[in-house]
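Below is one structure; the comments refer to it alone.
Number of protein chains: 4
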Amino acid sequence: MKEDKKELIRETAIEVIANLGFHNATTDRIAAEAGISVGTIYNYFRNKEAILEYIFEVELDKRRTYLKKMQQESLSLRDKLERLLIMHFAAINENPAVGTILAREHPTPLHNNLPTTINDFLEGIPAQIKKLLDEGVQNGEIRPCNTQIIAVAIFGAVSSVVLHAVGQGCEQERVRILQQAASELVEFTFEGLII
Amino acid sequence: MKEDKKELIRETAIEVIANLGFHNATTDRIAAEAGISVGTIYNYFRNKEAILEYIFEVELDKRRTYLKKMQQESLSLRDKLERLLIMHFAAINENPAVGTILAREHPTPLHNNLPTTINDFLEGIPAQIKKLLDEGVQNGEIRPCNTQIIAVAIFGAVSSVVLHAVGQGCEQERVRILQQAASELVEFTFEGLII
Amino acid sequence: MKEDKKELIRETAIEVIANLGFHNATTDRIAAEAGISVGTIYNYFRNKEAILEYIFEVELDKRRTYLKKMQQESLSLRDKLERLLIMHFAAINENPAVGTILAREHPTPLHNNLPTTINDFLEGIPAQIKKLLDEGVQNGEIRPCNTQIIAVAIFGAVSSVVLHAVGQGCEQERVRILQQAASELVEFTFEGLII
Amino acid sequence: MKEDKKELIRETAIEVIANLGFHNATTDRIAAEAGISVGTIYNYFRNKEAILEYIFEVELDKRRTYLKKMQQESLSLRDKLERLLIMHFAAINENPAVGTILAREHPTPLHNNLPTTINDFLEGIPAQIKKLLDEGVQNGEIRPCNTQIIAVAIFGAVSSVVLHAVGQGCEQERVRILQQAASELVEFTFEGLII
DNA sequence: AATGAATGAGATTTCATTCAT
DNA sequence: GATGAATGAAATCTCATTCAT
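So the sequence lines, in the order shown, correspond to chains A, B, C and D.
Counted the way this note's numbering counts, the first sequence spans residues 11 to 205.
Counted the way this note's numbering counts, the second sequence spans residues 11 to 205.
Counted the way this note's numbering counts, the third sequence spans residues 11 to 205.
Counted the way this note's numbering counts, the fourth sequence spans residues 11 to 205.
Structure representation (C-alpha cells):
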C-alpha cells in the first residue's frame, strides 16, 4: 500500500513534468492529477526535487539491472550495445514521458554539490559505456580511441534521438523513429558513415 | 553606447545563467554582477526570457554565418563537418559558459508555443547537419542512412561532449577535451569504431 | 470556514480600498489588516482585481435580489424608486466604505475588454432604472422623456450624493445626509424644482 | 514657446489619460505621443499628478470664467442652468476625452490631504450650483429644498451623462446624446418627471 | 496516513523621477 | 531647454513546504 502511493506519485509526476517541465510542474498539479493532496506527496518524498531524483533512480536501476544481467552472457561489444539501445528505446516507447525527462531535465549546478541520483545517471551511464568501450579496445574488437569522449558522445546521441522522437506530434512517427533508432545508431557507431 | 549596455548584459547573463541555471539566475543577480540596476535590464530586454533568447540568437548567427561562408568553398562533407566542429569547440573553449547554456537550457514545453530563437537553434542546427548529410549521400560520399536520425545524433553527441568538457573542474582538462573533440568526433562519425 | 476567510478578505478590502483607493490598496496591506498573509488572498481570489469585482458582485446581487422581490409587489413607479433609494442609502449608511467604492472605482478602459461584474453594475443598474422609467411612461405615470439619459442621470445623481455623504468628516452629518437623500431625490425626480 | 510646450503636453495627456486611465497612462507614453522626451515633461510639471491637476485647472477656469460672465447678465435660474449645461456639453462634444477625465478621474484619498485643483473642481462646481439654487430659493423661483444635496445630485447627473455619452462607440450617437442632454436635464431638473 | 489551508520568502516586472550630457 | 538612459523602490503574484486537524 505504501509503495503503491509512492508509485502513483512517481507515475503522475512523470506525466506532469514531461508535459510542463520540472519547474512548471507544481506540486499542487501533481497532487491534483494523482487524485491525492499535496501533503501526501511529502509523506513519500522529502521535497519536490526528490521526486525527480526518484524518477531517475528507478530508470537508472532498470538499466543497471539490465546491464548486470547482460554482462553474464558473453556477447560481443556490438551485441551488447545493440541490446542496450533496443532495451532503452523500447522503454522510451512504452513511456515516452520518461524519455523526455531523462533527456531534458539536467540538474542545475546549484544542486550539483550534493551527489544526486540524477548525476549518477548522467555520469554513471556514460561511465558504463566507457567501460564497455575500454573492454572492446582491450580485446581488439574496436580501434583505440578516446573512449571517454566517445562514451559521452554516444550517450548524448541517444538522448538527443530520444528527445527528437518524443517531440514528434504524431505517435506513429515517434514509434517509427524509436524502432529504427537502435540499429541505425549501432551501425553508425561501428561502421561510421563512409562507404 | 547603447549596444555596449546590451552586450554587457548578455555577457554577464551568460556567466550567471551558466553558473546557476536559467531559473536560479535572478534578474537581481544578473544586474548586480553587471554593476547596473534591474530596471536597466528591462530597457534592453522585454523580459528575462528574452535575454536567454538573445544569447542563443547571437550564437546561432555566428554558426549560420560560418556555415554560409563555408558553403562557398567546395569542401568535402568530412572537411565541412570537421571545420564546423573545430569552430564550435573553439568558440566553447573561448567562452565555456556559453557552451553550458547552449547544451543545457532547453526550452520547457510551455514556451514552445511561440517560435523562439532557442528552437531555431535546437532544431535549425540539426536541420543544417541533415542537409549536409543528404548532400553527402547524393554525391556518394557517405553511405545511405537515416540522415534525420544521424543528424540529431551528431548534434546530441556534440552537445554532450561540450557539457562534459565544461563540467570539468580543471581548466586544462577542459581545454584538452575541447581540442581533441573535433577530430575524435569526425573520425568516429566517418569511420566508426571497428578496426 | 472557507467562506469565512473569503468574507474576511472582502470586508477588509472594502475598508482598505475605500481608504486608499484601489490602486494604493496593496495586497500586502489588505493581508496585514486582515491578519492573514498575502498568499492566502490568492487562495480565494484569482488576482487583486478579482477582489474588487467580488465586492461589486456582492452589492449587485443585493440590489438585484431587492429589485426582484420588489417587482412582485404592484407598486407605483414612485414607490419603487423611493424604496430602492431608501434601501441603497441605508446600505451605504451601514457600510459607508462600500459606498465610496461603488461610487468611485470605475474600471479603466484597459480592463473593459473582458465583461466584468463592475461593468455589470455600472451599466446594469442604469439599465434597470431605464426599464422602470419606460414602464412608467407606458402606463402614463410619468411624461415621455429620453429615459436612457434620465436613467443615467439618476444613477449619477445617487452616486454623487453617496460620495458626498461618505466624504463628510463628521459621522452625524453623513447619517443625516443619507437619511434625507432618498426622499429629497425622489421628490426632485418627480416634481422637479419649480414651485 | 514655453506655453506652447506645456499646452502640447496637456493636450496629449488628455488623450492618453482618457484612453488608458490615469494610472495606466505612463509618462513615457505621454512623452512619446507628444513627440517629446520624458525629461521635458518635468520641465513643465512637478510630477505626473500635476499634469492631471493642470487639466482640471484649465477646465475649471473655463467654467468659472463662463459663470462670472453669466452672472453679469440678469438671467433666470433656469436660463443660467441651461446655458451652463449647453456650454459644458458643447465643450465635451468638442473634446470628449476631457469629458472622460473630468467624470472619471476622481482623486484617491491619499492625495486628499493637500488641497488640489481636482478637489477645487469636484467640490467647487457643486458649490457654485448650490449658490445658484440658494438664490433661486431666495427669490422664489424654485421651491425650498436641500440645495446642498440637489446641487451635488445635479453635478453627479451631469457627470454620469457625460461618461455615458463619451463611452458610446459610435460618434454620431455621442453627438446626439450630448446635444439632447442639456435640455433634457434642465427640463428634468425643473419639471421633474410627473405629468 | 491523509488532508489542504495557510504561509511568506522570493521572483519578475513596472514606471515615476533624476541628472549628466 | 531638451534629452533619454539609468535608477530602484515597490507592487503583484507564485508555490514549495508545513502542520493542525
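We put the CB at the ideal spot given by N, CA and C, even for glycine.
Every value quoted in this text rests on a predicted model; they were computed, and no experiment measured them.
Identify the contact partners of residue i in chain D, using a Cβ-Cβ distance below 9 Å as the criterion.
| i | result |
| --- | --- |
| Arg-39 (chain C) | The premise fails here: Arg-39 (chain C) is roughly 12 Å from chain D at the closest Cβ pair, so nothing lies under 9 Å. |
| Cys-155 (chain C) | Glu-194, Glu-197, Phe-198 and Leu-203 |
| Gly-150 (chain C) | Ile-205 |
List the residues of chain B whose Cβ lies closer than 7 Å to the Cβ of residue i, in chain order.
| i | result |
| --- | --- |
| Lys-20 (chain A) | Contrary to the premise, residue 20 (chain A) reads as Arg rather than Lys in this sequence. None at all; the shortest Cβ gap to chain B is about 20 Å. |
| Gly-109 (chain A) | Those within 7 Å of Gly-109 (chain A) in chain B number zero; the least Cβ separation is about 13 Å. |
Name the chain A residues that come within less than 9 Å of residue i, Cβ to Cβ?
| i | result |
| --- | --- |
| Ile-24 (chain B) | Chain A residues near Ile-24 (chain B): none, gap ~14 Å exceeds 9 Å. |
What residues of chain A sit near residue i, judged by a beta carbon separation below 8 Å?
| i | result |
| --- | --- |
| Val-171 (chain B) | Ile-159, Val-162, Ala-163 and Gly-166 |
| Leu-77 (chain B) | Going along chain A, no residue has its Cβ under 8 Å from Leu-77 (chain B), so there is no contact; the nearest lies around 19 Å. |
So, under 8 Å CB-CB, residue i and residue j are touching, yes? Tell me the CB distance rounded to an integer number of Å.
| i | j | result |
| --- | --- | --- |
| Pro-106 (chain B) | Arg-20 (chain B) | Pro-106 (chain B) to Arg-20 (chain B), Cβ: 16 Å. No contact. |
| Thr-127 (chain C) | Leu-70 (chain C) | 6 Å |
| Ile-27 (chain A) | Glu-115 (chain A) | 7 Å |
| Ala-101 (chain B) | Ile-61 (chain B) | At roughly 19 Å, the Cβ-Cβ gap does not stay under 8 Å, so Ala-101 (chain B) and Ile-61 (chain B) are not in contact. |
| Val-162 (chain C) | Pro-136 (chain C) | 5 Å |
| Ala-192 (chain A) | Phe-99 (chain A) | 5 Å |
| Asn-237 (chain B) | Glu-194 (chain A) | Limits of chain B in this structure are 11 at one end and 205 at the other, which puts residue 237 (chain B) out of reach. |
Of all the options the options, which has the alpha carbon lying nearest to the alpha carbon of residue i?
| i | options | result |
| --- | --- | --- |
| Tyr-54 (chain C) | C:Lys-15, C:Asn-129, C:Met-97 and C:Glu-194 | C:Lys-15 |
| Ile-139 (chain C) | C:Thr-118, C:Ala-101, C:Leu-91 and C:Glu-151 | C:Leu-91 |
| Ile-51 (chain C) | C:Arg-74, C:Ser-84 and C:Glu-13 | C:Glu-13 |
| His-33 (chain D) | D:Leu-18, D:Glu-59, D:Ala-42 and D:Glu-17 | D:Glu-59 |
| Leu-18 (chain D) | D:Glu-43, D:Glu-133 and D:Ser-84 | D:Glu-43 |
| Lys-72 (chain D) | D:Arg-39, D:Pro-136, D:Met-97 and D:Leu-203 | D:Met-97 |
| Ile-152 (chain C) | C:Ser-86, C:Glu-133, C:Phe-131 and C:Arg-39 | C:Ser-86 |
| Glu-104 (chain B) | B:Gln-189, B:Thr-36 and B:Glu-63 | B:Gln-189 |
| Val-68 (chain C) | C:Leu-195, C:Ser-84 and C:Asp-130 | C:Asp-130 |
| Leu-142 (chain A) | A:Leu-203, A:Lys-78 and A:Ile-65 | A:Lys-78 |
| Ile-65 (chain A) | A:Glu-25, A:Arg-39 and A:Gln-81 | A:Glu-25 |
| Glu-133 (chain D) | D:Ala-35, D:Thr-36, D:Leu-203 and D:Arg-74 | D:Arg-74 |
| Gly-150 (chain B) | A:Leu-203, A:Ile-160 and A:Gly-150 | A:Leu-203 |
Exposed or buried, which one is residue i when buried takes at least 16 other CB atoms within 10 Å?
| i | result |
| --- | --- |
| Gln-158 (chain C) | buried |
| Gly-31 (chain A) | buried |
| Gly-45 (chain A) | exposed |
| Ile-205 (chain A) | exposed |
| Asn-57 (chain C) | exposed |
| Leu-95 (chain C) | buried |
| Gly-166 (chain C) | buried |
| Val-154 (chain C) | For clarity, residue 154 (chain C) is Pro in the given sequence; the question names Val instead. Classification of Pro-154 (chain C): exposed, given that the 10 Å Cβ count is below 16. |
| Glu-63 (chain C) | buried |
Starting from residue i, find everything on chain C with Cβ-Cβ shorter than 7 Å and list it in chain order.
| i | result |
| --- | --- |
| Gln-190 (chain D) | Asn-156 and Ile-159 |
For a contact defined as C-beta to C-beta under 8 Å, what are the partners of residue i on chain B?
| i | result |
| --- | --- |
| Arg-114 (chain A) | His-116 |
Can you list the residues of chain A that residue i reaches, using a CB-CB cut of under 7 Å?
| i | result |
| --- | --- |
| His-174 (chain B) | Val-162 |
Which residues in chain D have a C-beta closer than 7 Å to the C-beta of residue i? List them in chain order.
| i | result |
| --- | --- |
| Ile-187 (chain C) | Ile-159 |
Sufficient close CB pairs (3 or more, under 8 Å) joining the segment 105 to 120 of chain C to the segment 168 to 176 of chain C: Here the segment 105 to 120 of chain C makes contact with the segment 168 to 176 of chain C; the two share three or more CB pairs at distances below 8 Å.
Validate contact between the segment 197 to 205 of chain D and the segment 177 to 188 of chain D using beta carbons, cut 8 Å, 3 pairs: no
The segment 142 to 153 of chain C in contact with the segment 82 to 99 of chain C per 3-pair CB rule at 8 Å: yes
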